[in-house]
Amino acid sequence: MAQFSKLYLRFIIIVLIQFISIASSYSQKKVIDSLMSTLAKVDDITKVKLMLTIAEFHTENSKYDTALMYRFKALQLAERIENNESLYQCLKELSSYYERNKYHDKALEFGLRAERIAKTIAGPMNLFSAFTHPFGWLLNNTSNLFFRVFNIKRL
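All residue numbers for the sequence shown refer to our numbering, where the first residue is 5 and numbers rise by one.
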């Protein structure tokens with residue numbers, strides 16, 4: 005009798021696991037379908053981000069070929085619209101994908117391309133930082149003086 009109840013309990017657990025797996029798969033399919041329908045309605049930069057999100061969903065579901073296809077589609081679109089930020093994100097994700105799957109040569113190739121783009125983006129950001137630094141310094145010192153004059157303790 006105890007043998008039967010153990011067997012019955014195992015059967016119930018297996019059925020529950022299968023049910024949860026099917027429900028999760030259905031839920032993820034709905035998310036992917038929703039993202040796919042949104043693709044037609046948004047601008048190209050958002051399309052790149054959505055395609056990378058779709059690729060991540062496919063990776064989580066072990067559909068690596070489909071995930072890779074969406075990453076390359078995102079890369080092609082980013083190259084076409086010549087948006088460095090999107091291009092950097094695509095190259096970085098492809099580099100990570102290939103590194104996780106032990107294709108080190110490909111990972112390095114995409115990683116170095118991403119680094120070159122990051123360096124081109126960094127120049128204008130450094131200039132902006134240098135330009136706004138005096139304003140940040142002035143604001144910080146003014147607030148410090150205010151706290152000192154009115155004897156306010158910081159948290």
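Note that beta-carbon positions come from the ideal geometry of N, C-alpha and C, so glycine has one too. Nothing here was measured: the structure is a model prediction, and the numbers come from that model.
Taking all protein chains shown into account, decide if residue i is buried (16 or more other Cβ within 10 angstroms of its Cβ) or exposed.
| i | result |
| --- | --- |
| Q80 | exposed |
| F135 | exposed |
| E97 | buried |
| F114 | buried |
| K51 | buried |
| R152 | exposed |
| R75 | buried |
| H62 | buried |
| L142 | exposed |
Once DSSP output is grouped into helix, strand and coil, what is the label at residue i?
| i | result |
| --- | --- |
| L159 | coil |
| F154 | coil |
Where in the segment 44-115 do unbroken runs of the alpha helix (DSSP H), each at least 4 residues long, occur, reported from the N-terminal end onward? 48-64, 68-85, 88-104
Counting Cβ pairs, one atom from each stretch, are 3 or more of them under 8 Å apart for the segment 119-130 and the segment 75-89? The segment 119-130 is in contact with the segment 75-89.
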